[in-house]
Structures are given as C-alpha cells and as structure tokens.
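Protein chains: 4
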Amino acid sequence: MDLARWVVWSLASTVLAVLPAHAQQERQQDRPKSAGPADPKLIEDLIAANRILFQQGIVDAMGHVSVRHNKDPNRYLISLARAPQLVTPADIMEYDLDSVPVRDPGRRQYSERYIHGEIYKLRPDVNAVVHNHSPGVIPFSVSSVPLRAVAHSGGFMADGIPVWEIRDAGGLTDMLVSNPEFGRSLAEKLGDRAAILLRGHGAAVTGKTLQYVVGRSIYLEVGARLQAQAMALGGPVNYLDPEEGRKIEDRRDYIRSWELWKRQVTGK
Amino acid sequence: MDLARWVVWSLASTVLAVLPAHAQQERQQDRPKSAGPADPKLIEDLIAANRILFQQGIVDAMGHVSVRHNKDPNRYLISLARAPQLVTPADIMEYDLDSVPVRDPGRRQYSERYIHGEIYKLRPDVNAVVHNHSPGVIPFSVSSVPLRAVAHSGGFMADGIPVWEIRDAGGLTDMLVSNPEFGRSLAEKLGDRAAILLRGHGAAVTGKTLQYVVGRSIYLEVGARLQAQAMALGGPVNYLDPEEGRKIEDRRDYIRSWELWKRQVTGK
Amino acid sequence: MDLARWVVWSLASTVLAVLPAHAQQERQQDRPKSAGPADPKLIEDLIAANRILFQQGIVDAMGHVSVRHNKDPNRYLISLARAPQLVTPADIMEYDLDSVPVRDPGRRQYSERYIHGEIYKLRPDVNAVVHNHSPGVIPFSVSSVPLRAVAHSGGFMADGIPVWEIRDAGGLTDMLVSNPEFGRSLAEKLGDRAAILLRGHGAAVTGKTLQYVVGRSIYLEVGARLQAQAMALGGPVNYLDPEEGRKIEDRRDYIRSWELWKRQVTGK
Amino acid sequence: MDLARWVVWSLASTVLAVLPAHAQQERQQDRPKSAGPADPKLIEDLIAANRILFQQGIVDAMGHVSVRHNKDPNRYLISLARAPQLVTPADIMEYDLDSVPVRDPGRRQYSERYIHGEIYKLRPDVNAVVHNHSPGVIPFSVSSVPLRAVAHSGGFMADGIPVWEIRDAGGLTDMLVSNPEFGRSLAEKLGDRAAILLRGHGAAVTGKTLQYVVGRSIYLEVGARLQAQAMALGGPVNYLDPEEGRKIEDRRDYIRSWELWKRQVTGK
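Residue numbers (the numbering used here), protein chains in the order written: chain P, 1 to 268; chain R, 1001 to 1268; chain S, 2001 to 2268; chain V, 3001 to 3268.
Structure representation (structure tokens):
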C-alpha cells in the first residue's frame, strides 16, 4: 500500500541525492523549467496561510493551500505532502499547471494537487487555491439542500456553491482528485464561482490572493454552520440576494482579518 | 476597492504628518473639538472589553466596541479599524455623535461606526455599544423565529430583540451600516431595547457601562444557543415572563464576571 | 443597585475591621459558632473543584460548589461571591445550614447559597453540592422533554432528573434561589435524586464527596448533550433502564477522573 | 464499593512487595509468561496514542488503547487503570489474550480490558484496539438510525458499524465489558468490521497498527458528527458506496496525520 510506496519513494529520493550531478541534469531536462526563486514575502504568506487554516479548524492533518508563482502564471507553489501546520519553507515545491514538479519528483507529494493546477489553468483571475475537509461544509456536499449565503461574511457564496460528484467523472473510485482528468472535471464544474464542494469529501476554494482564499475558506465554514443552524430553527430562512453578495464582494478585503490571523500563528 | 482606498489613506496620513503645523491647525478648525483626554481607567477597560469579546468568541477579526467619553456625552471612543484582539490605547480615536473623528481623519476607520454614534444620540442611558457577528445570534436574524429569553442570564432579552432589515432602509446594499442614515434607522428600530439584530449580519448591543455591554453581548450569544437547543428538543419551550426579565435586570450587575473576564485577558 | 450595595458592604467591612474587639465579640455572639478549621486537604479539594468546574465548562463566572465541614455536619464551606476559577483558600467561608456565616458577614456572599444549606438539611447522605448554569442542561429545564440517561456515564440520571419551577414557590421573581424558603422548596423537589434542574436557570447537583459532585456535574452536561443529539437523529432512543443505572452507581467512583482533572488545574 | 476494593488492592500490592522472593516466584508460576521487553518504539507510540486520543477529544479520563506485543501475538500491552493523558511507560502492563497480566496483578487494572483481549483472539489482522466514549458516536449507539459513512475520511465505515447490546449478553448489568464472556460476545458481533458501537456506552475500534486505530477512532467521531449534521439538514443524504469505502481503505494510511498528532502531544 501507501507505506510500501512511501518506502520506495524515500529510497528513490535517497538514491537521487547521491547520483552524479550530470545524471540528474539529464533527468531534469524532461522536467518543466523553474520560474526561479519566488518572492520571499509570498513564501512567508504561504507558510502563514498553512498555519492559519489549521489554527482556524479549516484543515486538520489533511488539506492544502497553493499560490500562483509571482514570476510565472504557469507555475504554482505548494508544500510536499505534509500536514499544513508543519509546513516550512523547505517543503515548498514548484509545479507547472499539469502539476508536474520542476524538481525533486522523489519527494512525497499531495496526490490531489491536480485540484490546484487545473483550476489555475481555467481561471486566470485565481492566484490561490485551498482544498479542505472543513466539518461544517461536508454535510452540504452530501445533502440535497444547497449551501447558500445567510450572512454578509459569506457574500462570495451568494452566486451559489456547486457540488462536484466524482462518480460522474469516474464511477466508484477512492474519491481522490488524483489525476488531471478529475482535476479538470472539477475545475469545469467550478466555473466562475468562488468555491465548489466535493461530494462526501470537502471543498475547493479560490481567491485572487492568499488572503482572499484563506478568508473565504474560513467564512465558507462559518456560513455553512450558520445556514444549518438557521434551518434548524424551523422557519423560512431569509438568504442574501445575489446582488447583495456582489456589492459585498466589490468592497471586501481581508486586511484586518489577515493582521489578526497572521499574528495568531506567528506571535509577531 | 478597499485596498486602493487604504493605500490612499496611508499616503494621506503620511502627507498629513509632514504638513506644516499651521496648515493642520486650519484643517482642525473644521473638525469637532476634543473633550480632552479620557479617564485612563476607561481606556484600560475599553482595551479589556475588546480582548474579552475576542476571548469569549463574540467577535473574530471583525466587530467593535465603543464607550461614551467620560468628560462629554457628545463624544465617544472607539478603536481605528483593527481586530479587537489587537487594539492598543494608541489605536483609540475620539468621535462626535455624527461619527466624525476629532483628529487623525486619515487613519483607517470602522466603516460601521455610525451604529455607535446614532445609538448614543437617541439613547442617553446608553454609555457603551458593541457591534458583533456572534455565531449563535445570526441564525435568528434570518429566521422567522424570534430570539427570546430562555434563561435568567438573558433577562435583558425578555422584552424582545427586534431585527433590523437594511433592505427597508436602503434596498439591496453591501449590507454595511456605513452611513449616518442607516445608523439612525437602526437606532430607531432598537428603541429602548437592550439589543437588536441586523438581518444576515449580526447584532448591536447596548449597556450603561462597558461591563454591561460586554456581559450582554456574551449572554445574548449564550441565550441564542440555548433557545436553538431548547427548540430542537421538539417540545414547547417555557420562555421567561417579561416581568421575570425586568426583576432580573433590576438586580443584575457583572462585577463577578468582569473580574474573571479581565483576569483572563490581562493575566492580572 | 448591587454596585451601591457592594460599596456599602465594603465600607461596613472596613468599619468592622477597626471596631474594638469587644464590640465584635458581642456581635459574634449572635452568629453561629464555627466548627473550627477544616481539614486542609478538604480545602485543597474544594479549590480544585472550583477550578475543575470552570476548566470543564460547567461554570463560567457564575455557579458555585460547597462541601460539608469535616468536623460538623451542620456546617458547610463555600467561597464568598467570586468566580470559581479565581477562588483561593482565603475566600472560603463557613456557614451553618441556615446559610448564615459564622464570621465575616460583611463580605459579599453568593445570594443563592440557600441551595446548598437547604439540601444539606434534608439530605444527610450528601456532602457536596454544585449549582451551575451548564449550557447543555438548561434547554431541558425549559422543555417538556425530560432529561434522561442515554449513556452509562450518566447512570445517576436513570432515576430521573426533576425540574423545579420557581413560579410554583414564588410567582414571578428574579429567578434566584435567594432565600431559605426557595432553597427548601428546591431541596424538597430534589427528594432523593442525584440532581435537579431549575427552570430557565440551571441545575443543582449532589454527591457524597467533592469528587462525586464534580463528576456528576460534568456527566450531567455530557448526558444532556448526548440525549439532545440522539433525539435529533429522529428515531426512537434507547434509554438506560433504571436498574442499569443503579448497578452502575453501585460500582462507580471518580478516582481515575479526579486524578486527571486535578492535574489539569494544578499542573501537579 | 470501588474505593474499598482499591484499598484492598493497594494493601495487597504492598504486601506483595515485601513477600520473600521465592513466594512471589511460586505465585508467578500460575501466571502467563511474559514475551519479554517490547520494542521501545512500540511503547513510545503507545504512550503517544494515549495522549493523542485525549488531545483529540476521543477519550476523557476514561477509555483505553492497547497494542499487540511485537514479540508474541498472544500478548498485548495496555496501561494500568489510568486516564490516557497521564499514562507513562512505567504504567504499561503485559497481558495474555485472556486478559490476565503476566505480572503485578495487584495493580489497579482496566475492568474492561477484555474488549482488547477477546478482539485480539478472534482477529489476527488486528494489532491495536481502542475503547472510547467519544461524544459524537454514542448517540448512534442508542438510536435506530445506523451510523454510516458520509465522507471519504470514514471509508472504513462504509461496510457498516454494528451495535452491540449488552442486554443480549447479560441482561440488566452495570454495562461494563468486565468479563471474558462479554468481551467475546462483543468481538463476535464485531466480526470483520473496523469498529463496533456499544449501546449507551461508546465504541471499540480496531486497526492493523496504533496509527490506524488512532486515525479510525478520530474519524469515527468526525464521521458520526458529519452524519448527524447532514441528516439535520432535512433532505436525503448521499452516503458512500461500500465499493468507494473499500477503494479508499486499500490506499489509506495515517502517515501524514500521525506526524502532526505526535508532534502536537510531544512538542517534538
């Protein structure tokens, strides 16, 4: 199983480390070319985003966040396969939009990185993506009841949050978005929305910056819980009008929130 | 958007700092006059109130708390636009009841400060106001089910908690109370009640002191959750009689609670 | 209001401190006689009980815990009016079963101490009492749905948990058990049960030791939440048989729990 | 009661400590033989498992986790009767599969250790067992609504989670699995499933390693809460297909989670 594969990968990685340099260069020629070192501020924010998502209960050991490379829109940055809370700058890998790493293919990688690459391909306005299993959101992914916006903090939800059914793309699977085809199918269903649910699994959230994608991931969870509670009261629920959602989003930023969230995870 | 405006404000603020003193004095003449330095104990309690509200889960990065100036009932004190948990004495600004700052107009301000100013205008008995998005309360703001008092800790709720619908005041908006007209409309709907809900948004809570407004904000949230749980049991719910609520409020203070809450946020 | 009264009490207390000794002795003659210093281990456990109840979310700033004096069954020990988390040995007061303090009548006292005294009067088997407003329990105090035992940790609930309605004892009040008559009415309704709910208010819980009363307070809250969740699933619920409850209680102690809980609040 | 028994045990234990060595050896001859010292890494992971289960809210002071001895499949390791959060290597005891300790019979032991021994007997594929009272799970143990898999993190639940009714095995009892007969009845009902619920009590969870059994215990709780929330939305719920569950389990490991969880409890 995976343990066996992990052993193989570890061995492969070790072997690679002791291979003569020219042999590695040769192999490197088949790989996508790096866009060069990313802005250190972007890496710092990517590490912060990882920790904030954990601190806020949006991810546990699973889930991941990526950001488009500041030097090349055809590259994105994401950690190797590690719990977000533990990610350090040394863990950040660079991928092309087919989700092929520009180096270190022997490291253990997120099997669902295709969620990120395929969304970046179809959505030039998106510069950051989160995939999570946040607990308030999953119930809406398996229910006939659609997730909607009940509070102004969820203005980005007012245009609707679609649900992607992996059975439509691949029948009965292990439910992971572990190849480009599933990633593309998900990205197409997302369309121009802010976020999408994965049936029985979680969500994929987009933003124009890391601040936006983290903020939206948090308020998607908040919004899901609010809707569930409002519905449980038993009376009709007064949802946001899509026009209200658009006006909120025109004005919305996460400057004040990001200052707090970053402080909470860095102590600075 | 807001980021752009923030840049503009920051620049304006910097420019202001290097303007000749007489030019600033001139501009100052159009501004409301300060009531002078507030009681340091009041500032200390205002900072504590900010942190308590965060520590108790009543505000996250958003939401704010104000207090009437101890030297002039026509002035109130509130932080510049910052997450309550991070507010320091240097952040406290002084406003007149039209919510115009007596100085430093270039600092980023809470766009919804009009909630505070307009309530202070109509309610001389109120000396402290909280605006929050506390999670148990929002569902009642979008439901046909009214929030009522189920427990004696919510005695102030027994006279009823109205809901303000911004659509009645301004149609389809970004849902923020970001001008004096919306603030006044909200304050009028509040009437002589302890608190009011904002549809799809949160609550505004009043008190005769910071201790009261913090205590009420906490127990409004507690009470909302208790009512939701009581209703979920399925049987009829036995609410407080308004007379019980009045008798509780006649006796109620928050001395014991404030001692604990302040200790929790100051370590003293 | 209370603030005024507190000032008066503080002054009275100060005056008392400077009165000539003989004057104080005279006043002391009207007071109940102390049973003498309590076992320091009992005081240590009483302080621990206060903190455990807070740490476990059973009390917030309000609520209290008492223990019968180890030297005299007609005396009990409880803090002056202070949030349980902040209680220190210097705060512990000694009362007779009419809830009159043996000394320091000028200190601010729990207005609902009669819950403790009146239960001790009627229940010689009870050596410790908790009064709390624990959040999972209150909904059952205002619902037509009775609180029952769904899990073996709530074996003491299997004989039923009655609800005391203060309106039956005193009509429309401030809902506080602030006199001996209300305390006796509550104690009579409790009968030989482990605990009782106070409508729209909270619970009173009994135990043969502090360990039992703390354990029961915690598992009353746990049990209430479990029942609410089980009912919410929609199907019939399979409650404990009273015979199961009795067999559990015959065997039950809180030794293992107390070791953990005490460690959590003392760090030792 | 238990206190009395504990005193007896303590005395017995003390007496044992001062008995001449040959007398103890004689007694030892009736006891099962030890498989020798276990792998220190296994003990380290067993301690970590205890703390992780507490840190994640799966156990409180009650509940326990065991692991099969690495040198002998007929021996298992588990703490003496202590809250999991407080367990140290010195507390680990070795048992045969009849749940008889190889030494130190005078120490206070988990009365429900038979859950572990009897499962190890019937399930050679199982190398680690958890018994817990996790709060989201208990409601399904008393409801007519079966616990199912709603999310891919609960793939191991897709084959169904049976409920064991102790009344079928022993009538009206104290509900504890405190003898080999109850343990065997439970293990038989478990069959080849990953986990089983105990009516009005909790769960028993199995895994091929400590990592699996801890991961499954956590996601059994997560899954129960997700199902309850999904059902509460009111519409039909789209559960995992058993085939999806099997494919997930074929691929599943807890490497990434274990790295985080262990770090959270050890600080390393």
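Yeah, the Cβ is synthetic: ideal placement off N, Cα and C, and Gly gets one too.
By how many angstroms is the C-alpha of residue j removed from the C-alpha of residue i?
i, j, result
"ILE119/P", "ASP3250/V", "28 Å"
"ASP1091/R", "ASP1039/R", "16 Å"
"VAL3214/V", "ALA2204/S", "37 Å"
"GLY1036/R", "ARG1108/R", "22 Å"
"LEU1236/R", "SER2143/S", "The question names Leu, yet the displayed sequence has Pro at residue 1236/R. If you take the alpha carbons of PRO1236/R and SER2143/S, they lie about 6 Å apart."
"ARG75/P", "ASP125/P", "14 Å"
"SER79/P", "GLY3154/V", "25 Å"
"ARG3216/V", "LEU2233/S", "22 Å"
"ASN50/P", "VAL1059/R", "23 Å"
"ALA1048/R", "ASP3174/V", "50 Å"
"GLU188/P", "LYS247/P", "25 Å"
"GLN55/P", "VAL1265/R", "19 Å"
"ARG263/P", "ILE52/P", "9 Å"
Quick one: grab the DSSP three-state call for residue i.
i, result
"PHE3069/V", "With the sequence shown as reference, residue 3069/V is identified as His, and Phe is not the correct amino acid for it. Three-state DSSP puts HIS3069/V in coil, outside helix and strand."
"TYR1254/R", "coil"
"ASP3096/V", "strand"
"PRO1146/R", "coil"
"ALA1228/R", "helix"
"TYR76/P", "strand"
"ALA3169/V", "helix"
"LEU3198/V", "strand"
"VAL3163/V", "strand"
"PRO2101/S", "strand"
"GLY1267/R", "coil"
Could you pull the start and end residues of the beta strand (DSSP E) that residue i belongs to?
i, result
"ALA321/P", "What is shown of chain P runs 1 to 268, which leaves residue 321/P out entirely."
"LEU1233/R", "Counting along the chain, LEU1233/R falls outside any beta strand (DSSP E), and DSSP gives it neither H nor E."
"ALA128/P", "128-132"
Closest to residue i by C-alpha separation, out of the options, would be which residue?
i, options, result
"PRO73/P", "ARG82/P, LEU86/P, LEU97/P and VAL130/P", "LEU97/P"
"LYS1041/R", "LEU1053/R, GLY1063/R, ALA1169/R and VAL1067/R", "VAL1067/R"
"HIS2996/V", "ARG3075/V, GLY3202/V and ASP3174/V", "Here chain V has residues from 3001 to 3268 only, and residue 2996/V is not among them."
"LYS121/P", "ILE47/P, ILE196/P, LEU46/P and ARG184/P", "ARG184/P"
"ILE1255/R", "VAL1222/R, SER1217/R, GLN1211/R and ALA1228/R", "GLN1211/R"
"ALA1083/R", "TRP258/P, GLY170/P, LYS71/P and ALA49/P", "TRP258/P"
"SER1134/R", "ALA1195/R, VAL1265/R and PRO1101/R", "ALA1195/R"
"ASP1104/R", "ASN1127/R, ARG1031/R, THR1266/R and PRO1146/R", "ARG1031/R"
"GLY171/P", "GLY207/P, PHE182/P, ILE161/P and VAL163/P", "PHE182/P"
"THR3252/V", "LEU3046/V, PHE3156/V, GLY3057/V and THR3206/V", "The identity of residue 3252/V in the sequence shown is Arg, whereas the question assumes Thr. If we check each option's Cα against that of ARG3252/V, PHE3156/V comes out closest."
"SER1178/R", "VAL1222/R, PHE1140/R and GLY1117/R", "GLY1117/R"
Determine the extent of the alpha helix (DSSP H) in which residue i is found, giving its start and end residues.
i, result
"SER3185/V", "3180-3190"
"PHE2054/S", "2040-2055"
"TYR2120/S", "2114-2122"
"ILE2058/S", "Counting along the chain, ILE2058/S falls outside any alpha helix (DSSP H), and DSSP gives it neither H nor E."
"PRO2139/S", "2138-2141"
What residues in the segment 2169-2185 of chain S have a beta carbon less than 7 Å from any beta carbon of chain R?
-> Listed in sequence order: LEU2172, THR2173, ASP2174 and MET2175.
Between the segment 2135-2161 of chain S and chain R, which residues of the former have CB atoms less than 9 Å from a CB of the latter, in chain order?
-> Cβ contacts with chain R come from PRO2135, GLY2136, ILE2138, PRO2139, PHE2140, SER2141, VAL2142, SER2143, SER2144 and VAL2145.
Name, going along the chain, the residues of the segment 111-137 of chain P whose beta-carbon falls closer than 9 Å to a beta-carbon of chain V.
-> Answer in chain order: SER111, HIS133, PRO135 and GLY136.
According to a CB-to-CB cut-off of less than 7 Å, which residues of the segment 185-205 of chain P neighbour chain V?
-> Those would be ARG199, GLY200 and HIS201, in chain order.
Anything in the segment 3066-3085 of chain V with a Cβ closer than 7 Å to a Cβ of chain S? List those residues in chain order, please.
-> Here the close residues are ALA3081, ARG3082, ALA3083 and GLN3085.
Using a Cβ-Cβ cut-off of less than 8 Å, list which residues of the segment 231-248 of chain P approach chain R; keep chain order.
-> Those would be ALA232, LEU233, GLY234, GLY235, PRO236, VAL237, ASN238, TYR239, LEU240, ASP241, GLU243, GLU244, LYS247 and ILE248, in chain order.
Taking any Cβ of chain R, which residues in the segment 214-225 of chain P have a Cβ under 8 Å from it, in chain order?
-> Those residues of the segment 214-225 of chain P that come within reach of chain R (Cβ to Cβ, closer than 8 Å) are VAL222 and ARG225.
Proximal residues, the segment 1255-1268 of chain R versus chain S, C-beta separation under 9 Å = Listed in sequence order: ILE1255, ARG1256, SER1257, TRP1258, GLU1259, LEU1260, TRP1261, ARG1263 and GLN1264.
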